[in-house]
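Below is one structure, written out as structure tokens, with a few remarks after it.
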């Protein structure tokens, strides 16, 4: 893993190699950046007068200049390994820590550089404006350092002074100490303030809060300025001395933490207690100042952390056992000098302990080629894992690109680990080799193969590791590592593959995109056969979204040519077999074309070798599409037409109409010829293709309708030649059905009176309001006037009512109002409102065009008369037979209701039906007199008398 990660283009290596205090913003302390004054940055020039002459006015004016603060500051601080939040990054600088730092830089605008020390701690340098640096530091501590928490108790009335005006004091304190401070709400009786952050930050925040409280306390507050170097003696090992003082005197004693560069000790409490505490502290200070002396020793910077120990415990242990204070230089300082302060006879033992702690851990470097590192580590870290399990206190570090391995830990264990690693290196060097081969980068993906097939095969076959550079590296150097013999064999094969690729050629085949899926086949089965036949050729089809016809072949020249010829033959066969014709067959005959169980259609397909597609059952289309070779398609078409002719009186005739009139007879989007087909019972009229020059138009359908269509076509052709005139009329789509009338009665009357042809748009046309009138000018004008009058009347909305007995209401509103929807569609969108259920009203309201309302009223009256003429017959069939009567998904009962226009209601199912009584056959009562049937056996049939019964029996029973 990498030992240094730089998050910005500037390097931070210089900082870690021992930058002098003055080189980084004047040796900035951890809690705040030191900002030099203007006078310190630019000392005044000496005066010309005598030394000590201070009468010069300019000098006084110069001294009154306000100091200028630097706009950019730098802070450096350290996060120990045990306090790092993320410790398991495999590649330093690419994990969560780097992402967090980049996010903080974007949020605050500060510049952050991050480095990893040998003890796996983090050193962080933050540069920017003061406000940005403070915010960035708070974010870094919160997100990269594990958080602890502590509480501090001060009187409730002092809380508001900690918060400050608009919370400014607390915000400043949080930024300064990089902590989160939670103060209970005013209505909360708690007096505990909770501080969350790092141990160092908590100590600083606690100290500042106690100072604020002490200043507001009515009791005595005294401040003692004593040299920082003697604070450890006043505090004692593990703070025991100051705790004993507080207990004995009852005063609160606040000593600034070692990381805070302040020498002021604050004592608060009762005056007598404070005075007693001050006396005791001064006594300790005076005694230590008189009796202690110092010695300085030089210890490698890398060993300092072992002297400090986890959370400074080792320093407290030395103090406890010898009474000597050990002063360590800041971690971000390049100094290696350690100062020991204590009584002369105790300095020797303390120095011995310091050296012992410093030498308790050693660092050794083992030489090993960089390419061998991952083999030393082993698959998934197996080799190194075995060593670290045996010697858990040893830390082993690999550095990318460097031919060395660092080992750190207790001396004995490090030596053992060193021996084991050297043995692994010796073994690997004896049986492993590596080589590098330069292969053009454009061939790399072909060397890898689809899903890594080629490269994985080489790795398995020769027991080697092959490292191909990423595209972004823009390098052609391929590295092969492993068994010496395997390395040479793999190198030779890779070179041969590259040579073949240099000699290969590419060929483009033009294949219509519609054939691509057919060539590929279902789930790629067909193209797999081609690829198996020509394994050295790579066949690439374009993406369907590209709408391209180019299929690319790449491989050895001869193989590409063979594959190209094979595909061209395959495409020629596809083109020959893709001839398609559409045959119009009346919808009612489709089931006969299919045959029972699909027997007819299957036979035609097999015997003609064609593909025959019929429209879906719910489709309006009557076209059957036949695909295959032209001769086979025509044979299949003739057989299908023969079936239709045999089933009905179907006649086919041809009429000669000049080709120049065909387009005008077809009309815009086929509207004119479609109106003729609809008017003549759905006959099929087929015009020859444009440009064929043929005058023959084919009409096929029932004999009578074919003759009628023939006459209409000839009449239209004559009108087109003599005098053709067209007018378009706008009318709302909902009026169209009313204008046409039931069975076309209304529009037929207009057509008969005027002689003009009126064409309504089909449902799939975009212009749904456009009605076209075609014919002689005077006839068209007359029809136009009549239709405009009808449309105008429809636009005049009226509201009317009529009486309908409540017992008939359900018929109109049941099935989600289907009857009402049909009436609205048929009569120009008339709105019909029935009274709410339970109102007992018999009056309904109709709103719409006057003519539509009147017509709808007449239709409703007809429906009511039909309902009143209906009868209901009850028939008893044992409940166990009801399901068979209904048929699969109710298909039988639905067919009966459609065929006979009746309603059939089955009773609720009785689950607890016991022993069935003697059954009645088909609802007939036996002469002996059967018992009264159960309610769950009775089925009700409603409808007209002639539909409900036949020869004394319900119609649907004999139908079954």
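In the working numbering, the protein residues as written are 145 to 1104.
Where is the CB? At the ideal position from N, CA and C, for every residue including glycine.
Residue 282 and residue 621 have their C-alpha atoms spaced approximately 46 Å apart. Residue 315 sits exposed, since fewer than 16 C-beta atoms from the chains shown fall within 10 Å of its C-beta. Between residue 754 and residue 771, the C-beta spacing is below 8 Å. Following the DSSP letters along the chain, one finds residue 376 in no beta strand (DSSP E) but inside the alpha helix (DSSP H) bounded by residues 375-379. With a cut-off of 8 Å on Cβ pairs, the segment 723-740 is not in contact with the segment 666-677, counting fewer than three such pairs.
Distance check between residue 975 and each of 965, 984, 981, 982 places 965 closest, using alpha-carbon atoms only. For residue 1005, the enclosing alpha helix (DSSP H) begins and ends at 994-1012. For residue 577, the uninterrupted beta strand (DSSP E) segment begins and ends at 577-582.
For residue 767, the enclosing beta strand (DSSP E) covers residues 767-772. DSSP places residue 505 outside any beta strand (DSSP E), giving it a letter other than H or E.
The DSSP-derived three-state label of residue 260 is strand. When the beta-carbon positions are compared, residue 1082 and residue 1020 come within less than 8 Å of each other.
In the DSSP assignment, residue 918 is bridged to 870, 901. Residue 831: not part of any alpha helix (DSSP H); DSSP gives it neither H nor E. Counting C-beta pairs with one atom in each stretch, the segment 937-949 and the segment 990-1004 have three or more that are closer than 8 Å, which means they touch. Residue pairing from DSSP places residue 267 in a beta bridge opposite 222, 259. DSSP lists 289 as the beta-bridge partner residues of residue 228.
The distance from the Cβ of residue 844 to that of residue 827 is about 7 Å, consistent with a contact at the 8 Å cut-off. Taking the Cα positions, residue 549 is about 24 Å away from residue 242. Counting other Cβ atoms within 10 Å of its Cβ, residue 534 stays below 16 and is therefore classed as exposed.
Residue 251 and residue 284 have their C-alpha atoms roughly 12 Å apart. Pairwise C-beta distances place the segment 455-473 out of contact with the segment 414-422, as fewer than three of them are shorter than 8 Å.
In this structure, residue 1053 and residue 1080 form a Cβ contact; the two beta carbons are roughly 7 Å apart against a cut-off of 8 Å.
The continuous stretches of beta strand (DSSP E) do not include residue 335, and DSSP gives it neither H nor E. In the three-state reduction of the DSSP assignment, residue 543 falls in the coil class, being assigned neither a helical nor a strand state.
Of all C-beta pairs linking the segment 535-555 to the segment 583-590, fewer than three are shorter than 8 Å, placing the two stretches out of contact.
Of the candidates 317, 240, 263, 565, the residue whose Cα lies closest to the Cα of residue 275 is 317. Beta-bridge pairing by DSSP links residue 723 to 772. When C-beta atoms of the segment 420-440 are compared with those of the segment 355-371, three or more pairs fall below 8 Å, so the two segments count as touching.
Taken atom to atom, the span from the alpha-carbon of residue 776 to that of residue 1022 is near 55 Å. Our two residues, residue 651 and residue 679, have alpha carbons roughly 16 Å apart in a direct line.
In the structure shown, residue 614 adopts coil according to DSSP, grouped into three states.
Beta-bridge partners of residue 1020 (DSSP): 1082. By the neighbour-count criterion, in which a residue is buried when 16 or more other Cβ atoms sit within 10 angstroms of its Cβ, residue 673 is exposed. Excluding its 5 nearest sequence neighbours in each direction, residue 872 has C-beta neighbours in its own chain below 8 Å: 914, 915, 916, 917, listed in chain order.
Using a C-beta cut-off of 8 Å, the segment 619-639 makes contact with the segment 572-588, since at least three inter-stretch Cβ pairs fall below that distance.
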